[in-house]
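Residue numbers (my numbering): 1090 to 1380. Quick reminder that beta carbons are idealized off the backbone N, C-alpha and C, glycines included. Since this is a predicted model, take the numbers as computed values, not measurements. Step one of this worksheet: look at the structure below.
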Amino acid sequence: MIKLTRTAEPPAGFAGEQRIEKNLALIRLRQDGKKPSNKVWKQAKTHLKAESHGKCAYCESDTSTVAYGDVEHFRPQSVYWWLAYCYDNFSYSCQLCNQMYKIATFRVAREARRWRGPAMPAPTEEIAAQEHARLMTPDPRDRATGGMPFDEFLRSAIKEKPFLVDPYVEDPEELYGWEADPVLKEVRVTARTNRIRAIRAIRAAEDDLGLNREELRRRRWQNYEVLKTLADVIKTLPPDHATEAKEVAAAAIRAMMAPEREYAAMARYFVRVEWRLDVTTAEEQVETPVR
C-alpha cells in the first residue's frame, strides 16, 4: 500500500450542487428506510482507478490481472450512512480485498469514539434537510467552504482511531514493513515498528484485507526475486567496473519503485530500508531518503 492523492478535479456529480442533490436524495432514502444506490458511486470508478494507478489501493495488485476493481467505501455505508455518496470516502479496490475480506468491517480503537454522524432531520423539515445535505460531507472541489470543511472531516475521521489505513490520509509506508522468506518463497507484510498504530494497522491489513493471503505472498516473491537480483548487481560489482550494468540495474529498480508498478511499497522498503541502496540518477544529485 502506498500513499495516494485525490485528483485536482473530482468526477462530475460529486461536487457543487450535484453533491448536495445526491446527499439530499440519500437523506430521503434513509428516512424511507431504503438503501443507497450503487449506481451513484460507480460513476467515480474511472477517477478512483486513475488515482490508484490502476492498482488495488490496498494490496497493490493490478486489477486487470487479479480481479475487477470495485468502488470501495473506506468507512462502510452500513455504519456511516451519510458517507455513502461521499467522494472522500471512496477508494479503488480489487474484489478480493473488498468483497472477500473487508466487506463491512471497520474496527476503531474505542467504540465510544466512533464517528456518529449527523442527526436526521424530520421528513417535513425541508430547509433543515437541505442544510444537512450541504454540510454532511466535504465538497472535493471547494475544501474550505463548499460543504463540511475538510479539516473538520479529517478531525472526525482521525479521532475514532481506525485500525485500517486510509492511504489518502496516512502514509502506509511509515506503518508497514516487509519480510522475505527464501525457503517458502514468499513475502509478507509486517509492522514497520512496535508503535501501537503500526500494530493495529498490520492487524487490519491481515484480518480485514487479507494482505498476507497466500496468492499475494507468492506474487510478491516473484517481484522480490527480480528486485534482489538487480540489487545484487549494484552491491557486488566492483565500484570501478561495469558502470553501465549498474546504471541499467538502478533504472530497473527505480521503475519497480514507481507508483504505477505492482507492490511498489515492498520494493521501496527493501531498497531504502533493508538494503539502503542509492538508486537516484546523477541529475537528481540527492541521496535517496531512508523512510
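Which partner residues does residue i have in the DSSP bridge list?
| i | result |
| --- | --- |
| PRO1251 | VAL1197 |
| VAL1258 | None; VAL1258 has no bridge partner. |
| GLY1158 | CYS1183 |
| VAL1337 | Paired residues: none, contrary to the question. |
| TYR1190 | Looking at the DSSP assignment, TYR1190 forms no beta bridge with any residue, so it has no partner. |
| ARG1277 | GLU1268 |
| LYS1144 | ASP1151 |
Count the other CB atoms, across all protein chains shown, that sit within 10 Å of the CB of residue i; report buried if there are 16 or more and exposed otherwise.
| i | result |
| --- | --- |
| ILE1091 | buried |
| GLU1140 | buried |
| TYR1157 | exposed |
| VAL1278 | buried |
| LEU1077 | Past the edges of the chain, shown from 1090 to 1380, lies residue 1077, and the structure says nothing about it. |
| ARG1117 | exposed |
| ALA1334 | exposed |
| GLN1374 | For GLN1374, the predicted structure reports a pLDDT of 42, less than 50, and the residue's modelled location is therefore unreliable. A value from the coordinates is still provided. Exposed, since its Cβ has fewer than 16 Cβ neighbours within 10 Å. |
| PRO1125 | buried |
| ASP1240 | exposed |
| VAL1276 | buried |
| LEU1185 | buried |
| ALA1101 | exposed |
Look at residue i and residue j and say whether their C-beta atoms are less than 7 Å apart.
| i | j | result |
| --- | --- | --- |
| VAL1368 | ARG1343 | yes |
| TYR1352 | ARG1302 | no |
| ALA1146 | GLU1262 | no |
| GLN1120 | PRO1212 | yes |
| LEU1093 | TYR1257 | yes |
| VAL1160 | LYS1123 | no |
| LYS1191 | ASP1260 | no |
| ALA1356 | LEU1305 | no |
| ALA1338 | LEU1366 | no |
| GLU1336 | HIS1142 | no |
| ALA1193 | SER1167 | yes |
State the CB to CB distance for the pair residue i and residue j, rounded to an integer number of angstroms; the pair is presumed to be in contact (CB under 8 Å).
| i | j | result |
| --- | --- | --- |
| ASN1178 | PHE1163 | 5 Å |
| PHE1242 | PRO1227 | 5 Å |
| GLY1236 | ARG1244 | Between ARG1244 and GLY1236 the Cβ distance is about 15 Å, and since that is not below 8 Å, they are no contact. |
| ARG1281 | GLY1266 | 4 Å |
| PRO1431 | HIS1221 | Residue 1431 is absent from the model: the chain starts at 1090 and stops at 1380. |
Should residue i be counted as a contact of the ligand ATP given a C-beta to heavy atom distance under 6 Å?
| i | result |
| --- | --- |
| ARG1307 | No copy of the ligand ATP appears in this structure; indeed no ligand is present at all. |
Inset, instruction - Count the CB pairs spanning the segment 1323-1337 and the segment 1278-1294 that are closer than 8 Å, and state whether there are at least three. - result: Under the 8 Å Cβ criterion, the segment 1323-1337 does not count as touching the segment 1278-1294, having fewer than three qualifying pairs.
Legend entry - Sufficient close CB pairs (3 or more, under 8 Å) joining the segment 1096-1116 to the segment 1163-1176: yes
Inset, instruction - Report yes or no: do three or more beta-carbon pairs, one from the segment 1193-1200 and one from the segment 1245-1253, lie closer than 8 Å? - result: yes
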